[in-house]
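Participant: Pasting in a structure now, in structure tokens, and then I'll have a few things to ask.
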Amino acid sequence: MAAVIFTLASVCALLAQTQRGQKKKMKRRVKVELRKLNTMTKAEANGIQDVWQLDLSSRWQLYRLWLQMYQADTRRRILSYERQYRTWAERMAELRLQEDLHILKDAEVVGMTTTGAAKYRQILQQVEPRIVIVEEAAEVLEAHTIATLSKACQHLILIGDHQQLRPSANVYDLAKNFNLEVSLFERLVKVNIPFVRLNYQHRMRPEIARLLTPHIYQDLENHPSVLKYEQIKGVSSNLFFVEHNFPEQEIQEGKSHQNQHEAHFVVELCQYLLCQEYLPSQITILTTYTGQLFCLRKLMPVKTFAGIKVHVVDKYQGEENDIILLSLVRSNQEGKVGFLQIPNRICVALSRAKKGMYCIGNMQMLAKVPLWSRIIHTLRENNQIGPSLRLCCQNHPETHTLVSKASDFQKVPEGGCSRPCEFRLACGHVCTRACHPYDSSHKEFQCMKPCQKVLCQDGHRCPNVCFQECQPCQVKVPKIILKCGHKQMVPCSMSESEFCCQEPCSKILRCGHRCSHLCGEDCVRLCSERVTVELKCGHSQLVKCGNVEDIKYGLPVKCTTKCDTTLDCGHPCPGSCHSCFEGRFHERCQQPCKRLLICSHKCQEPCTGECPPCQRTCQNRCVHSQCKKKCGELCSPCVEPCVWRCQHYQCTKLCSEPCNRPPCYVPCTKLLACGHPCIGLCGEPCPKKCRVCQPDEVTQIFFGFEDEPDARFVQLEDCSHIFEVQALDRFMNEQKDDEVAIKLKVCPICQVPIRKNLRYGTSIKQRLEEIEIVKEKIQGSAGEISTSQEQLKALLKSKTLFHQLRPEEFLILQEKLAQKNLSVKDLGLVENSIRFYDHLANLEGSLEKVHCGEQQSVRTRLEQVHEWLAKKRLSFSSQELSDLQSEIQRLTYLVNLLMRCKMAEKVKGSIAEEVSSIRNILEKTSKFTQEDEQLVQKKMDALKTTLPCSGLGISDEERVQIVTAMGVPRGHWFKCPNGHIYVITECGGAMQRSTCPECQEVIGGENHTLERSNHLASEMDGAQHPAWSNTANNFMNFEEIHRMM
């Protein structure tokens, strides 16, 4: 077993190496060709008629010529655009400069950074400021300060503190060895240029200022305003340094440091101060290293510490806050303090606080620095340094808590002390929290104890939590309902008149059933008792008793009886009587198709009669790539060189073309992983089986030659089965006379389609080509689709009546035809829809010729057809086409009959009975069968004499010929009571009576007076009145006179 696995791995690795090697060779070849400089001349290129007739070398030369021409043209355009851009950019910069200069000259004070001064130096020189003030000048590089000056400058004022942070230079060597970090301010002070020092500080309380004077500043006095600061709440000292010896950690490969002990302590102290009702904006956390900054931010969730500022010392110069928490970070056995020994940085760190400052660090290690040593000595003299910070409870001033690490703050969980709060709330309960300084009046506190208030006279207590508002008593007590006398459990606070009795109603409805509502509710209007009724479709169904009257008046009720029709595909209809429109339009078959498609996949769509293109991913592949399109789409042929080669033969065609080399029958000389010789052939992938290791599997008889000692085998790559080569050659290359279906050859054992095999590539490619031809036939060529699309657009545009009556459906079809990538099936669906909608529109337009009382029922049936036709579908199945054609044929007969009845005006006797029998067939709810159609056609033919077809029984062309042949003016054509047409010559006035040769009714009249049962046949010549009539005589029939003139 291990040997087989090793063989599989080796074959996979060999294939992968082969593909990678081919790709590398192709890349190297392309690079070599692109590096060559020889190109084809333009004259030679212009003389080429067919690129595909060139040899490979000439193609490369032509490609390099095109590439050079394209690059040259691109360079010219880029240079032209660059020149234009520079011209307009310079013009734009000049205009903006003039605009800025105009604004700045009108200003009395102009503020900008030193960087801005350098950037806009040209403007600054033209503005010519006489006085220049530089704030924080000790932190600005000397070059930046010089950049702010102009020749018009008369007075330069530098404001700053050279004992705080110096300017930062990007190049360390220039800063340290060439004094680039020394500002102009500091240099002038050190060379004894006269300066003025501000000796009064307005920021920090005296305890904090004592750290700077005289250790950093010799003379620094406190302004009276800083003496009025209140004491920091919750802490016994306004200034304190906490000592520790917990080691630091190096991060960022030694570039920065962090101290977890200090970070946790500072975060807990910050939260404690927030509990003292300090605002987040009053507290700032400072640290000396960026690594500690990131550590602090990780420990401070935004929800709790929103508004707290966290900064490194270097970024906080010039800032201040009421309370500063300082983490010094450095603590190590080597005594390395880093830049904590720089006096400027120490000065900034210790001078940011106004009212309170709390620092944590390894003071024993820092004491080795002289400046720190003097500061620590001052702190010890004032008892402001130690291993623990003393917290003082605001509510219990005599209670103190010492904290030296983060866990110690658990002794004061609410910011006070460990004693209970014991505050009596407004509700009378005692506060259950530990001592807390915030919300001292307990206005925001919510008491979670039971309420216990008495809500009613019966002594029921409130069940809510104490802080919730009490509601009316909901305890249920027995009460007698006055309206009905029933005894009910009613909420205590509710009166009997408001309560809805929950007993069942005992009243009997008009239908005889008992009311289903509760006693306290109004009786139901429609009885909900289920009764069996016979629907219009003939089925019996349980419906609500209240809906029985609806059925009598013709209101629709959904029949849920399962449709028992067998569809054209042979499967039972999945719909119900209602969803199938009582058998007229059946639902689509939902049974899986599972027919074998041309691509060898089974159809996954429901049974529709005609399978749509396969939607699965295409499985066609070669050694170079795999098609990723849908299986029903056309595959793009591979144009890589064919890789079928061995030491005896080599194919020179493209991968998708039939190979031009014969198969090789020389035995393979390779050894398998087990050490035995390969049983395959030269140039073919080695089979995974060994004749020695797996003799039973290799020599298993299938074609009949497997057990011969010199038999050679081929392994199919699609399924891994192996076969004797000569037998498989015959199987793959034979073409049976009775084989009609176009499909791929399949493995004789497992029936898996054979798609990838170099030896049988010609046979496979031939069959794939035939499959692609079939796909193209199904999808249609782009030209055919485009032509059909334009024809359908013209066809749709010509359907004016459809557009007028059904604009929404017309617009949907118009948008569908405007889409791209339509298939033949899509166009077929649109074409069928156009024709069906047009037929329905013609029927709807013909309703004007039907009696008004009959129009609504026909419109209802037309709407049902429209509703069914509007359903989404990929195509019309044969069943759907049959159903739709039958229903449209039925409606056509019905509209035709109703039109003939209206034109006949009065239908009596046996004719009326015959019309009624035809209508019974046409108006029933079941499907209009072929037998029904034959019977209706026969009856309609029999009525032609008594009910003329469409009023005339002739075509429009025949009507025009008859009118022209008779040559009488308008108004001479009349019809009998049954609609049969006749003509009166001469003046057009009736002078004698006669009988209709068709129905024996009286026609004509006397003394220019038409028989009352006869009427003008305006459908013959469009006349609006008879030629001899009051209208004609009074108005002289100007139309006719004008025509005669």
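Numbering of the sequence shown is given in my numbering, commencing with residue 8 and proceeding in unit increments.
Even for Gly, the Cβ is constructed at its ideal location relative to N, Cα and C.
These numbers come from a predicted model, not from an experiment.
1. Going by DSSP, what residue range makes up the beta strand (DSSP E) through Val273?
2. How about Leu854 and Asn627: do their beta carbons lie closer than 9 Å?
3. So, Thr573 versus Gln548, is the Cβ gap smaller than 9 Å?
4. Tell me the rounded alpha-carbon separation between Leu373 and Gly363.
5. Identify, in the order they occur along the chain, each residue of the same chain with its Cβ nearer than 6 Å to the Cβ of Ser243, setting aside the five sequence neighbours on each side.
6. Which partner residues of Tyr365 appear in the DSSP bridge assignment?
7. In chain order, what residues of the same chain lie with their CB nearer than 6 Å to the CB of Val484, ignoring the 5 residues before and after it?
8. What are the boundary residues of the alpha helix (DSSP H) that includes Met99?
9. Mind checking whether Glu894 and Val865 have CB atoms under 9 Å apart?
10. Rounded to a whole number of angstroms, what is the C-alpha to C-alpha distance between Leu366 and Gln170?
11. If you count every other CB in all the chains shown that lies within 10 Å of the CB of Cys638, and 16 or more means buried, which is it?
12. Cutting at 6 Å between CB atoms, please list the residues of its own chain near Asp845, excluding the five before and the five after it.
13. Hey, out of Gln133, Asp180, His593, Val189, whose CA is closest to Gln886's CA?
14. Would Pro444 pass as a contact of Gly466 if the rule is Cβ separation under 9 Å?
15. Start and end of the beta strand (DSSP E) containing Pro485?
16. First and last residue of the alpha helix (DSSP H) that includes Leu808?
17. Looking only at its own chain, which residues have a Cβ that is under 7 Å from the Cβ of Cys642, when we skip the five neighbours before and after it?
18. How many Å lie between Leu688 and Tyr656 at the Cα?
19. Between the beta-carbon of Asn1014 and the beta-carbon of Phe981, is there less than 9 Å?
20. Would you kindly report the start and end of the unbroken alpha helix (DSSP H) that includes Leu303?
21. If you pair each beta-carbon of the region 255 to 264 with each one of the region 308 to 316, do three or more pairs fall below 8 Å?
22. For Thr294, report the span of its beta strand (DSSP E) as first-last.
23. Taking all protein chains shown into account, do 16 or more other C-beta atoms lie within 10 angstroms of the C-beta of Asn206, making it buried, or fewer, making it exposed?
24. Using only alpha-carbon positions, find the residue among Phe843, Lys879, Trp875, Cys859 that is nearest to Thr899.
25. Do Ala356 and Thr7 come within 9 Å of each other at the CB atom, strictly closer than that value?
26. Keeping to the same chain, check which residues put their C-beta closer than 7 Å to that of Glu1047; ignore five residues upstream and five downstream.
27. Leaving out five residues before and five after Glu250 in sequence, what residues of the same chain have Cβ atoms less than 6 Å from its Cβ?
28. So Gln265 and Gln299 are in contact, right, with Cβ under 8 Å, and what is the actual spacing, rounded?
29. Hey, quick one: how far does the alpha helix (DSSP H) through Ile756 stretch, first residue to last?
30. When you compare only the Cα positions, how much space is there between Leu191 and Tyr323?
31. Ignore the nearest five residues each way along the sequence and tell me which others in Leu148's own chain have a CB closer than 6 Å to its CB.
32. When the Cβ atoms of the region 61 to 80 are set against those of the region 96 to 105, are three or more pairs found closer than 8 Å?
33. Are Thr291 and Glu341 close, meaning C-beta to C-beta below 9 Å?
34. For the putative contact between Thr385 and Arg217, defined by C-beta atoms under 8 Å, what is the C-beta separation to the nearest angstrom?
35. Use the C-beta contact count for His390: other C-beta atoms within 10 angstroms, 16 or more gives buried, fewer gives exposed.
36. Decide if the region 594 to 602 is in contact with the region 574 to 584; the criterion is three or more beta carbon pairs, one per stretch, under 8 Å apart.
Facilitator: Once the coordinates are examined:
1. According to the DSSP assignment, Val273 belongs to no beta strand (DSSP E) but to the alpha helix (DSSP H) extending over 267 to 282.
2. Their beta carbons are not under 9 Å apart, which means Leu854 does not touch Asn627 by this criterion.
3. With contacts defined by Cβ atoms closer than 9 Å, Thr573 and Gln548 do not form a contacting pair.
4. Roughly 22 Å separates the two Cα atoms.
5. If we look at Ser243 and ignore the five residues flanking it on each side, its Cβ neighbours are Arg397, Cys399.
6. In the DSSP output, where bridge partners are listed per residue, Tyr365 has Phe247, Leu332.
7. Only Cys499 meet the Cβ criterion.
8. Run containing Met99: 63 to 112, per the alpha helix (DSSP H) assignment.
9. 9 Å or more divides the Cβ of Glu894 from the Cβ of Val865.
10. Per the sequence presented here, residue 366 reads as Cys, with Leu not at that position. Rounded to whole angstroms, Cys366 to Gln170 spans 21 Å at the Cα level.
11. Buried is the call here.
12. Excluding positions up to five away in sequence, the list reads Lys806, Phe809.
13. Nearest of Gln133, Asp180, His593, Val189 to Gln886, Cα basis: His593.
14. The criterion of a C-beta distance shorter than 9 Å is not satisfied by Pro444 and Gly466.
15. Per DSSP, Pro485 belongs to the beta strand (DSSP E) from 483 to 487.
16. 807 to 812 is the extent of the alpha helix (DSSP H) around Leu808.
17. Only Cys625, Asn627, Cys634, Lys636, Glu779 meet the Cβ criterion.
18. Our two residues, Leu688 and Tyr656, have alpha carbons roughly 13 Å apart in a direct line.
19. Asn1014 is not a Cβ neighbour of Phe981, given a cutoff of 9 Å.
20. Looking at the DSSP string, the run of the alpha helix (DSSP H) that includes Leu303 is 297 to 306.
21. Not touching, per the Cβ criterion.
22. Residue range 290 to 294 is occupied by the beta strand (DSSP E) that includes Thr294.
23. By the neighbour-count rule (16 or more Cβ atoms within 10 Å), Asn206 is not buried but exposed.
24. Ranking the options by Cα distance to Thr899, first place goes to Phe843.
25. For residue 7 there is no data in the structure shown, the boundaries of the chain being 8 and 1052.
26. Summary for Glu1047: the model assigns pLDDT 40, below 50, so the residue's position carries little reliability, and this model does not support an answer.
27. Leaving aside the five residues that flank Glu250 on each side, the residues in its chain whose CB is nearer than 6 Å to its CB run, in chain order, Met370, Pro394.
28. Your pair Gln265 and Gln299 checks out as a contact, with CB atoms roughly 5 Å apart and the cut at 8 Å.
29. From DSSP, Ile756 is part of no alpha helix (DSSP H); its letter is neither H nor E.
30. Taking the straight line from one Cα to the other gives about 22 Å.
31. Excluding positions up to five away in sequence, the list reads Pro174.
32. At 8 Å Cβ cutoff, the stretches do not touch.
33. Going by C-beta atoms, Thr291 is not nearer than 9 Å to Glu341.
34. Sure, about 6 Å apart at Cβ, within 8 Å.
35. It should be pointed out that residue 390 corresponds to Asn in this sequence rather than to His. The residue is exposed, with fewer than 16 neighbouring Cβ atoms inside 10 Å.
36. Yes, they touch.
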